[in-house]
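Asks:
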Amino acid sequence: MLISQFGEDAIFYRSVDINEATAIVGFFDEVRSYWGPPDTLICNAGVSPKAKDGKAAAFVETSIEEWNAVLSTNLIGAVLCCQRVLPDLIKRRFGRIVLVGSIAGRTLPRLAGSAYTASKTALSGCLRSLVSTLGGTGVTANIVAPGHIVTEMTGPIDSDSNRDALSRIPVGRLGNPDDVATVIAFLASENAGFINGATIDVNGGEYVSP
Numbered sequence: 629m630l631i632s633q634f635g636e637d638a639i640f641y642r643s644v645d646i647n648e649a650t651a652i653v654g655f656f657d658e659v660r661s662y663w664g665p666p667d668t669l670i671c672n673a674g675v676s677p678k679a680k681d682g683k684a685a686a687f688v689e690t691s692i693e694e695w696n697a698v699l700s701t702n703l704i705g706a707v708l709c710c711q712r713v714l715p716d717l718i719k720r721r722f723g724r725i726v727l728v729g730s731i732a733g734r735t736l737p738r739l740a741g742s743a744y745t746a747s748k749t750a751l752s753g754c755l756r757s758l759v760s761t762l763g764g765t766g767v768t769a770n771i772v773a774p775g776h777i778v779t780e781m782t783g784p785i786d787s788d789s790n791r792d793a794l795s796r797i798p799v800g801r802l803g804n805p806d807d808v809a810t811v812i813a814f815l816a817s818e819n820a821g822f823i824n825g826a827t828i829d830v831n832g833g834e835y836v837s838p
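Note that the sequence shown covers residues 629 to 838 in the working numbering.
1) From Gly832, Val653, Ile812, pick the residue whose C-alpha is nearest to that of Ala826; which is it?
2) I'd like to know if the stretch 706-724 and the stretch 764-771 are in contact, where contact means that at least 3 CB-CB pairs between them fall below 8 Å.
3) Any idea if Ile731 is buried or exposed, counting beta-carbon neighbours within 10 angstroms, 16 or more meaning buried?
4) Going by the beta-carbon positions, is the gap between Cys590 and Cys709 smaller than 8 Å?
5) When the distance is taken between beta carbons, is Leu703 closer than 8 Å to Ala750?
6) When you measure from the CB of Val811 to every non-hydrogen atom of the ligand ZN, does any distance come out below 7 Å?
7) Which residues in the same chain have their Cβ closer than 6 Å to the Cβ of Asn748, if we skip the five residues on either side of it in sequence?
8) If I follow the unbroken beta strand (DSSP E) through Pro774, where does it start and stop?
9) In the structure shown, what three-state DSSP assignment does Leu739 receive?
10) Out of Asn819, Tyr641, Arg756, Phe687, state which residue places its alpha-carbon closest to the alpha-carbon of Ile771.
11) Between which two residues does the alpha helix (DSSP H) harbouring Arg724 extend?
12) When DSSP builds the beta bridges, which residues end up paired with Ile828?
13) Tell me whether the beta-carbon of Gly741 lies closer than 8 Å to the beta-carbon of Ala793.
14) Below 7 Å CB to CB, which residues in the same chain sit around Leu758 once its five sequence neighbours on both sides are set aside?
15) Which residue marks the beginning of the beta strand (DSSP E) containing Thr668, and which one marks its end?
16) Taking the alpha-carbon positions, what's the Val653 to Ile646 distance?
17) Can you name the start and end residues of the alpha helix (DSSP H) that Val642 belongs to?
18) What do you reckon, are the CB atoms on Tyr744 and Ser789 nearer than 8 Å?
19) Going by DSSP, what residue range makes up the alpha helix (DSSP H) through Ala651?
20) Given that a residue counts as buried once 16 or more other Cβ atoms are within 10 Å of its Cβ, and exposed if not, what is Leu736?
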């Protein structure tokens with residue numbers, strides 16, 4: 629869609645280890661040389677370890693290795709990216725930061741593991757810090773908190789975990805990536821300038837289900 633609308637130069641991508649600070653620095657340096665200083669950051673990298681049956685380990689069974697890996701990717705990776713682009717955004721007096729959270733960080737975690745839930749909950753604290761830091765700079769920061777979105781991470785659509793999630797969603801369907809991308813695109817636009825420090829739920833109403 630981007631290529632058809634804006635041409636081949638609209639896409640620039642690299643595979644980056646979000647856990648490596650030096651890799652992040654190198655990536656954003658390359659972005660600047662290709663496009664110039666960034667004005668938008670979407671922090672969407674995340675991992676949610678589960679067993680083959682789609683279930684996460686219980687709290688007491690979650691290894692310290694899993695805790696470290698999940699927090700490093702889901703939380704520290706987002707922090708490192710924010711730190712790297714903030715000077716550019718502040719300098720140009722305009723910027724948009726969107727952190728991708730999760731329903732697991734907003735309510736009772738049903739499928740997500742303890743480390744994943746903690747990492748997504750912690751993003752809310754990062755958001756508050758960002759908003760207090762960025763006051764008067766023209767830069768906004770918000771969270772999009774998806775519910776049950778069908779991706780490779782959620783497994784086959786007819787799995788027990790997906791059917792269970794569907795039973796709790798008032799709109800009667802599972803989410804898809806476009807549902808989330810549409811909200812992110814709006815928050816990244818100039819029209820969203822008065823939305824700041826907000827968490828936008830994209831879960832079909834699952835957040836309010838018992």
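Even for Gly, the Cβ is constructed at its ideal location relative to N, Cα and C.
Replies: Taking the coordinates as given:
1) Taking the first residue of the sequence shown as 1, we reach residue 826 at position 198. Checked all of Gly832, Val653, Ile812; the closest Cα to Ala826 is Ile812.
2) yes
3) Position 103 of the sequence shown, counted from the start, is the residue given in the question as residue 731. Per the 10 Å Cβ criterion, buried.
4) Any question about residue 590 goes unanswered here, given that the chain covers just 629 to 838.
5) Position 122 of the sequence shown holds residue 750. Position 75 of the sequence shown holds residue 703. Result yes, Cβ atoms of Ala750 and Leu703 sit closer than 8 Å.
6) Ligands displayed in this structure: none; no statement on the ligand ZN is therefore possible.
7) For the purposes of this step, residue 748 is taken as residue 120 along the sequence shown, with counting starting at 1. It is worth fixing the name first, because residue 748 is Lys in this sequence and not Asn. If we look at Lys748 and ignore the five residues flanking it on each side, its Cβ neighbours are Gly729, Ser730, Ala732, Gly733.
8) Start at 1 with the first residue of the sequence shown, and residue 774 comes out as number 146. Element bounds for Pro774: 767-774.
9) On the sequence shown, position 111 is the one that residue 739 refers to. Here Leu739 sits in coil by DSSP.
10) Here residue 771 is taken as the residue at index 143 of the sequence shown, counted from 1. Closest option to Ile771, Cα to Cα, is Arg756.
11) Stepping through the sequence shown from its first residue, residue 724 is reached at position 96. Run containing Arg724: none in the alpha helix (DSSP H); it sits in the beta strand (DSSP E), 723-728.
12) Reading the sequence shown from its first residue, position 200 is the one you call residue 828. DSSP, once it has assigned bridges, lists Val772 as partnering Ile828.
13) Position 113 of the sequence shown, counted from the start, is the residue given in the question as residue 741. Position 165 of the sequence shown, counted from the start, is the residue given in the question as residue 793. Not a contact, by the Cβ cut-off of 8 Å.
14) What you label residue 758 is simply residue 130 of the sequence shown in a count that begins at 1. Once the five neighbours on either side are set aside, the close Cβ partners of Leu758 are Cys710, Ile725, Ala769.
15) Counting from one through the sequence shown, the residue named residue 668 turns up at place 40. Here the beta strand (DSSP E) through Thr668 covers 668-671.
16) What you label residue 653 is simply residue 25 of the sequence shown in a count that begins at 1. What you label residue 646 is simply residue 18 of the sequence shown in a count that begins at 1. So the two alpha carbons sit approximately 10 Å from each other.
17) What you label residue 642 is simply residue 14 of the sequence shown in a count that begins at 1. Val is not the amino acid found at residue 642; the sequence shown has Arg there. From DSSP, Arg642 is part of no alpha helix (DSSP H); its letter is neither H nor E.
18) Locating residue 744 in the sequence shown gives position 116, counting from the first residue. Locating residue 789 in the sequence shown gives position 161, counting from the first residue. Their beta carbons are not under 8 Å apart, which means Tyr744 does not touch Ser789 by this criterion.
19) Locating residue 651 in the sequence shown gives position 23, where the first residue counts as 1. Note, Ala651: alpha helix (DSSP H), 649-663.
20) Counting from 1 along the sequence shown, the entry for residue 736 is found at position 108. Classification of Leu736: exposed, given that the 10 Å Cβ count is below 16.
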